[in-house]
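Protein chains in written order, with the numbering used here: chain A, 276 to 659; chain B, 13 to 525. All C-beta atoms in this analysis are idealised placements derived from N, C-alpha and C, irrespective of residue type, glycine included. First comes the structure, then the notes that go with it.
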């Protein structure tokens with residue numbers, strides 16, 4: 276390819292390989308319209324809860340990022356050493372957040388951050404996974420009374436998922452301290468906590484029998500211990516489950532589990548105070564927000580079309596006009612239909628004499644003559 | 013995991029390795045490799061018990077945006093995007109890095125300013141340098157012949173910090189372009205109308221938009237007697253007229269670029285000309301210029317452009333200026349640059365050069381630049397299909413700077429949140445009631461906050477409102493709960509009124525935007 280590119284180098288003509296980098300993609304206008312809608316709903320929720328936002332550079336000093344990710348380090352995009360600092364593209368938004376807090380000596384903040392992050396995933400293992408993708412983080416940093424910020428985070432997730440209208444959903448909650456306490460009372464040796472944890476984590480994808488097999492055969496637990504774990508991990512519930520487990524003689528004696536269960540009870544009490552109402556909405560996806568196209572059926576009316584369009588823009592109306600001196604009415608209407616413009620303001624010799632504009636509803640084809648002076652208000656009335 | 017003593021020993025040894033290589037003047041690659049190993053060891057030193065020692069800085073030439081800066085940024089984007097949408101533009105987004113070969117070739121000597129990604133065994137990649145080349149690649153890749161699009165995103169340039177103090181290496185560009193074959197000058201006029209609207213709405217004071225045309229410039233050089241092969245270099249000298257006096261520009265033309273004094277004087281006569289549609293008409297009467305094909309085409313279009321600008325009511329701020337040159341590498345027709353009349357002192361950090369589609373010829377106070385570039389997309393298309401384009405790049409970093417300065421000197425506080433009301437209580441044991449009310453307000457779409465404290469003092473709750481600019485506080489108390497009301501207080505004036513629970517949402521909406 277490189278050799279071929281050199282071939283086309285005569286007369287400054289550069290032959291390009293027309294593709295985006297592996298694992299990355301452009302967003303076309305339709306995708307951007309959807310993206311904007313989603314961001315708008317999410318950000319509106321964050322703002323409703325009093326969150327601020329920050330932004331950080333797309334690359335950090337390599338040493339800021341390494342060390343945090345352990346084995347994932349090989350998935351980090353490095354920048355070429357061009358004689359300066361060693362840099363890498365951010366892998367998530369959490370490490371930049373921690374760096375930002377430490378750098379600015381900030382102890383309290385409620386912030387959201389929506390930005391792209393970069394991971395050099397191995398395409399063979401993770402087909403279809405993007406290497407450049409958005410993350411949307413919300414975090415509350417600071418020392419506060421127990422579980423209130425935790426409850427607000429869950430309230431925010433609940434609100435966002437409702438407003439995005441994605442159908443029914445569940446939010447599962449647990450606690451690291453409850454898990455560790457549970458492993459302890461079941462007889463898991465301390466040094467196996469993390470590895471047994473990642474096996475338990477597979478329960479959302481694998482059946483208990485297979486998870487148990489992995490614990491016993493691969494991770495070296497005895498069947499008894501595995502069975503005891505099995506009894507606990509099958510439990511689901513609400514505040515009642517937390518209360519029941521606080522009555523469990525073994526679990527309640529474990530310091531970690533007790534703290535976790537007490538906080539879980541408190542969390543659920545706050546979640547009860549935070550109820551949510553459903554909202555639904557559905558709209559056609561347009562890529563522009565234009566309200567009216569200024570058109571004409573007759574020739575030599577470009578000047579008048581441009582004048583009217585300019586007046587509409589000055590009045591804050593979102594308007595378009597075709598870049599053609601004498602366009603056919605049909606192509607102007609077609610443009611409206613293709614891009615979803617709801618109204619067309621048609622000018623003609625007679626209309627100009629009478630001081631009116633023919634305002635047509637593109638969908639219904641209904642037309643009415645509107646006096647020039649009333650046009651702006653009429654357009655506002657008929658569009659959002 | 014090596015223990016601390018072993019690590020420190022290893023760091024010492026590795027340090028010697030690096031020192032030795034440097035004194036032996038070993039190859040850069042070798043030295044850098046060993047330095048990287050040393051840094052990694054040092055990072056591990058703070059790595060006991062998972063504690064990671066962070067080097068607390070951002071990369072050179074980059075910066076975080078704190079919440080105040082983000083609030084200003086959001087306001088500026090909102091005004092600009094609202095204008096683009098009013099004109100029916102769509103938006104796209106492209107990846108932050110492209111194939112290296114997509115970017116090189118276009119930038120010529122600027123290639124050394126491109127950030128490359130490390131070769132990690134896959135494709136060779138580089139961070140995008142502007143939004144124009146990705147746009148051309150996007151059009152060619154998707155075989156798009158017509159689009160009116162805006163794109164606001166960060167771009168990356170490895171500027172040499174010694175030469176360009178204060179220049180950021182990661183910065184925003186805000187581009188608007190109309191691609192497609194259309195009747196002459198209408199899209200060009202709309203671009204200028206958009207610049208006009210944006211600069212008005214941003215309230216940056218008076219401004220002027222200078223316009224010129226590549227063909228007029230080339231025609232002018234030809235009739236003045238500039239040899240063809242010197243066109244571009246003379247062009248970049250003329251470009252300096254916004255920073256240098258004519259005498260110095262003439263000196264450079266004669267002494268450094270080898271023009272005769274006659275030729276330079278002839279150029280001098282033309283480039284001092286400014287005007288509107290009248291100047292275009294006058295030049296069309298100029299016997300020499302009108303005989304030149306290029307100049308004639310450019311002047312005819314300039315006349316047409318001004319007639320459209322009159323219909324768009326923007327001629328009060330647009331000037332046809334023959335000294336406007338810009339970095340003309342890919343412009344093929346009209347070119348323009350918007351300049352604020354009130355020049356800001358040099359203490360404002362962001363230099364003007366980062367604005368506009370290219371580096372050259374952008375003067376202090378410049379906030380937008382662009383022009384017509386009909387040949388770029390054809391360079392990307394395998395069959396060389398031409399897609400004519402005209403566009404403008406808004407100097408958004410400069411605008412941020414100006415707005416940030418304004419905010420600092422103004423008495424009005426920049427809020428970083430939009431919270432309308434804080435739910436508070438003066439008495440103890442009312443957390444439940446506070447949480448319940450806050451949730452009801454959220455459900456009704458009101459922007460509300462509550463302190464994460466079971467029993468906060470009223471004073472700290474009021475202080476939070478004052479610090480963050482929350483205008484209202486809804487105070488709960490035992491008596492109010494019995495009476496079914498909420499004490500709604502105006503934080504600034506301290507005026508209070510009891511509002512029935514059922515009316516609270518409406519009352520808050522009425523008192524806040």
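Residue nearest to residue i in terms of C-alpha spacing, selected from the options
i	options	result
residue 309 of chain A	B/95, B/285, B/103	B/103
residue 409 of chain A	A/388, A/422, A/589, A/638	A/388
residue 466 of chain B	B/476, B/16, B/445	B/445
residue 540 of chain A	A/425, A/491, A/418, A/625	A/425
residue 423 of chain A	A/520, A/538, A/352, A/493	A/538
residue 22 of chain B	B/51, B/34, B/40	B/51
residue 401 of chain B	B/223, B/269, B/193, B/500	B/193
residue 441 of chain A	A/432, A/501, A/456, A/481	A/432
residue 636 of chain A	A/608, A/628, A/626	A/608
residue 355 of chain A	B/329, B/105, B/263, B/44	B/44
residue 239 of chain B	B/293, B/299, B/265	B/265
Neighbourhood of residue i by C-beta, 6 Å cutoff - its chain only, sequence neighbours within 5 removed
i	result
residue 516 of chain B	498
residue 306 of chain B	227, 230, 231
residue 596 of chain A	569, 580, 584
residue 80 of chain B	426, 428
residue 60 of chain B	Low per-residue confidence applies at residue 60 of chain B: pLDDT is 48, beneath 50, and the placement is therefore not dependable enough to give any value.
residue 482 of chain B	431, 434
residue 32 of chain B	none
residue 615 of chain A	561
residue 507 of chain A	457
residue 354 of chain B	217
Beta-carbon gap between residue i and residue j smaller than 8 Å
i	j	result
residue 125 of chain B	residue 169 of chain B	yes
residue 295 of chain A	residue 107 of chain B	yes
residue 326 of chain A	residue 385 of chain A	yes
residue 406 of chain B	residue 190 of chain B	no
residue 565 of chain A	residue 582 of chain A	no
residue 165 of chain B	residue 392 of chain B	no
residue 352 of chain B	residue 387 of chain B	no
residue 185 of chain B	residue 207 of chain B	no
residue 545 of chain A	residue 447 of chain B	yes
residue 111 of chain B	residue 567 of chain A	no
residue 346 of chain B	residue 223 of chain B	yes
residue 323 of chain B	residue 578 of chain A	yes
residue 451 of chain B	residue 549 of chain A	yes
residue 341 of chain A	residue 348 of chain A	yes
Own chain residues within Cβ distance below 8 Å of residue i, not counting five before or after
i	result
residue 116 of chain B	123, 126, 138
residue 411 of chain B	88, 214, 216, 379
residue 96 of chain B	103, 162, 188, 206
residue 381 of chain A	375, 416
Close-in-space but distant-in-sequence residues of the same chain around residue i (CB under 7 Å, 5 per side omitted)
i	result
residue 646 of chain A	630, 631
residue 29 of chain B	46
residue 283 of chain B	250, 253, 334, 335
residue 84 of chain B	412, 415, 416, 419, 426
residue 655 of chain A	none
residue 505 of chain A	483, 487
residue 324 of chain A	427, 431
residue 329 of chain A	375, 386, 388
residue 121 of chain B	Because the pLDDT at residue 121 of chain B is just 48, under 50, the model does not fix this residue reliably, and the value given afterwards should be weighed accordingly. Cβ within range, chain order: n/a, list empty.
residue 333 of chain A	364, 365
residue 612 of chain A	637
Rounded Cβ spacing between residue i and residue j (contact assumed at less than 8 Å)
i	j	result
residue 437 of chain B	residue 489 of chain B	6 Å
residue 382 of chain B	residue 348 of chain B	6 Å
residue 368 of chain A	residue 393 of chain A	Between residue 393 of chain A and residue 368 of chain A the Cβ distance is about 11 Å, and since that is not below 8 Å, they are no contact.
residue 520 of chain A	residue 542 of chain A	No, residue 520 of chain A and residue 542 of chain A are not in contact; Cβ-Cβ is about 14 Å, not under 8 Å.
residue 287 of chain B	residue 332 of chain B	6 Å
residue 318 of chain B	residue 292 of chain B	6 Å
For the region 278 to 285 of chain B and the region 187 to 203 of chain B, state whether three or more C-beta atom pairs, one from each stretch, are separated by less than 8 Å.
-> no
Using 8 Å as the threshold, is the region 451 to 471 of chain A in touch with the region 494 to 503 of chain A, meaning 3 or more CB pairs across them?
-> yes
Evaluate the contact criterion for the region 518 to 537 of chain A versus the region 449 to 456 of chain A: three or more CB pairs, one atom per stretch, below 8 Å.
-> yes
So does the region 310 to 321 of chain B actually touch the region 268 to 276 of chain B, counting three or more Cβ pairs closer than 8 Å?
-> no
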